[in-house]
Structure formats: structure tokens, C-alpha cells
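A short write-up of the structure that comes next.
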Amino acid sequence: MNNILVTGGAGYIGSHVVEKLEKTNSNIVIIDNLKTGFKKLINSKVEFVKGDINNIKLVKKIINKKKINTIIHLAGLIDSVESEKKKKKYFKNNVTGTLNLIKACKNSEVINFIFSSSAGVYGNISRAAIETMSLKPNNYYAYTKLKCEKIIKKYSKIYKYKYSILRLFNACGASPSGKLGIISKKNKSFFKILAKESLKKKPIINIYGNNHITKDGTCVRDFIHVSDLALLHIKCLDYLIKNRKSLLINCGYGIGYSVHTIAKIFREKINKSTKIKFMKKRKGEISVSYASINKMKKFLKWKPKYNRIEYILKSSIKWEKKI
Ligand SMILES: NC(=O)c1ccc[n+]([C@@H]2O[C@H](COP(=O)([O-])OP(=O)(O)OC[C@H]3O[C@@H](n4cnc5c(N)ncnc54)[C@H](O)[C@@H]3O)[C@@H](O)[C@H]2O)c1
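Numbering-wise (our numbering), the sequence shown opens with residue -13 and increments by one.
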């Protein structure tokens, strides 16, 4: 029996991971401080503890009482712009938080540790990101994720757990069940913006920069549906259980779409009166970010399920209408 602690399970990706986990034969506990998460996203069939991963005593108590053997760690602050202004807050929450979470595993039954890292660790690159590339995070948020990766690797030797580190590319879309999606109005992801615009009579899509070093001059991203990402977390757990070996992989579709291409699909499929406006390039914005997924495919034998851009758009819009 898997006894799993999911940190950040009231968040966007965490709630999707729990939705998938709940269908497996596992006991699940969520810990979330609800700083950016939502009660509405918490799965009613699993146990929820409102708390912070920096509260070692509380985390230790859950791990020991529930005989936790697996931690899926998604709790974190994720706003890269805010992270530049509030470095201490991000360090304490993401880095110290992860360290405390790991320290709470001392003398416990935890043998699997799964961590949602970010494609941001690669920084500005001009080709597909490969796991072995040298890493140059170009914002403080991404720097905290890289720090966490290092801590997780270091302690795996000391506390004898195996880890999966997933470098997530751009999560998007909403659960096919219609129950989960992005709630936060502050969320600045491209598909959230498109979904919000879709509710207007005359949508306006602002594209920041048409002078990036890409084919059409706009940013290129590897957008991956959140339900596919959630399944990848489960696949990583299966891999750890079967192979007892640690794994670090990229999680994307391995395809880079320019934001202009997606805006044009939106105009074509969702609303023909959509206006696409080109704005000034944003400072520090990466031009190209897409994954090489050879390693992931080799180790996890995974096939994407929700990778059609039209489907991702429609699921985002359906959710936006609901909330
Ligand atoms: N959304 C993306 O595209 C993306 C891309 C790469 C990596 N990630 C990573 O995936 C994870 C989940 O991201 P998300 O998009 O679901 O964000 P989210 O903000 O929706 O979820 C994060 C959750 O963690 C909780 N949390 C934060 N700090 C906490 C703490 N100290 N203690 C307890 N709970 C805490 C929040 O309340 C929230 O529910 C993050 O670690 C993020 O870095 C996300």
C-alpha cells in the first residue's frame, strides 16, 4: 500500500495529481497552506491538513502517524516576476521549505520523493532542452527550483530515498472531469489569459515582443496539458517502485509552439473578431523553451493524451466559463 503525502495538493497541478492518484490503491494526505491554493480544488475523498511545509513538527507528525512512504512535493511559490522582488520570501518558502520537508523524513519510512521542478532551470537556450545541459536559471524562482533539485539529490544519499525530479514545462488546460483548473485571477499563464479573453465579445491578445530570435519573432513554449503532467507524476512513482533507481526528466510534449501561432489558432477556432496586438518585449523573458523528451519516453514509455492545442484551448475555456 502506498501512503502518499502530497504537498501543494490544493494547487493547480497538485489537485490534478491527486485526482489521478485517488484512482490508485493509495492512502493520500495533502498538506497545503492555501497561500495560492484553493479549498475548492481539494479532493473530498482524501485527507487534508492545512499547514506549511516549513512546520517540521507538523510534517514529521503526519509522516510518522500516516506511515508515509512517498512524498510528491509540489508546494511552492511560482511567480517569477514576484520572485525577483521578494527573494527572501522565495528562498524561505521554496528552498528552506524543501529542506525542512526532507529533514522531516529522517528516520521515517519515506523511500520515494517526487519533485516538480521547472524548465526555468535551463535559462535562455536556443534548442531543445536536454537534461544533461548546463543550467543557468534566469530568474530567482528558477534558481530556487535548481537549489531544491540539489538538496533532494544530496539528501537521497543520506536518508536513502530514491527521487524523481520532473522538470515541468508550461502547464495548461483544465481537467477533463470539469472539476479542476486554474482559479487564481493573478495567474499569468498564456492559456489562462486566452480563456479569460474568450469570454469577451472582442478578445484582445497581447503578444510581448515580435523580435525574439524565433521563426515568427514571438516566444516559443512547450505547452503541456495539466492532466498529462499529472499522469507523468504517477508514472514516475511507478518507475521508482519498480526500479528503485532515481530519475530526472523533462516533462513537456517536445514541441515548441510560438505564442503567435496559438493566438492565430484562437482567432480561427474560438473568435474570428480577435485582435492580436504586438507589445514591447518584456525584460528578461526567455525566447525559446521546449523540451527534449527522449529520456522521458525511454524511461516511462509514455504517450501524451491531451496534446492537441484545440483541446487544450477548449478545456481552458470550458473551465473559465464554469468559474
Ligand atoms: N504551473 C506551471 O506551469 C509550472 C511549471 C513548472 C513547475 N511548476 C511547479 O509545480 C508546482 C505546482 O505549481 P502550480 O502551478 O500548481 O502552482 P499553485 O500555486 O497552483 O500550487 C502551489 C500550491 O502550493 C501551496 N504552497 C506554497 N507554499 C507552501 C508551503 N510553504 N507550505 C504548504 N503549501 C504551500 C499553495 O498554497 C498552492 O496550493 C510548483 O512547485 C511549481 O514550481 C509549475
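By construction, the Cβ of each residue, glycine as well, lies at the ideal position given by its N, Cα and C atoms.
- Taken atom to atom, the span from the alpha-carbon of residue 148 to that of residue 110 is near 30 Å.
- Distance from the C-beta of residue 83 to the nearest heavy atom of ligand 1 is below 6 Å.
- Setting aside the 5 residues that flank it on each side, residue 285 is surrounded in the same chain by 225, 233 and 235, each with a C-beta closer than 7 Å to its C-beta; the list follows chain order.
- The Cβ neighbour count for residue 113, taken over all protein chains shown within 10 Å, is under 16; the residue is labelled exposed.
- Contact check between the region 157 to 175 and the region 201 to 213: three or more CB pairs, one atom from each, fall below 8 Å, which counts as touching.
- Residue 57 has its alpha-carbon roughly 6 Å from the corresponding atom of residue -10.
- Beta bridge pairing from DSSP links residue 119 with no other residue.
- Boundaries of the beta strand (DSSP E) harbouring residue -7: -12 to -7, taken from the DSSP string.
- Contact between residue 276 and residue 238 is confirmed by a C-beta separation of about 6 Å, below the 8 Å threshold.
- Between the alpha carbons of residue 267 and residue 46 lies a gap of roughly 46 Å.
- Judged by the Cβ position, residue 90 fails to qualify as a neighbour of ligand 1 at the 6 Å threshold, every heavy atom of the ligand being at least this far.
- Around the beta carbon of residue 118, a 10 Å sphere encloses fewer than 16 other beta carbons of the protein chains shown; the residue is thus reported as exposed.
- Counting along the chain, the unbroken alpha helix (DSSP H) around residue 86 starts and ends at 83 to 89.
- As summarised for the region 115 to 178, the continuous alpha helix (DSSP H) elements at least 4 residues long and confined to that stretch are 126 to 145, given in chain order.
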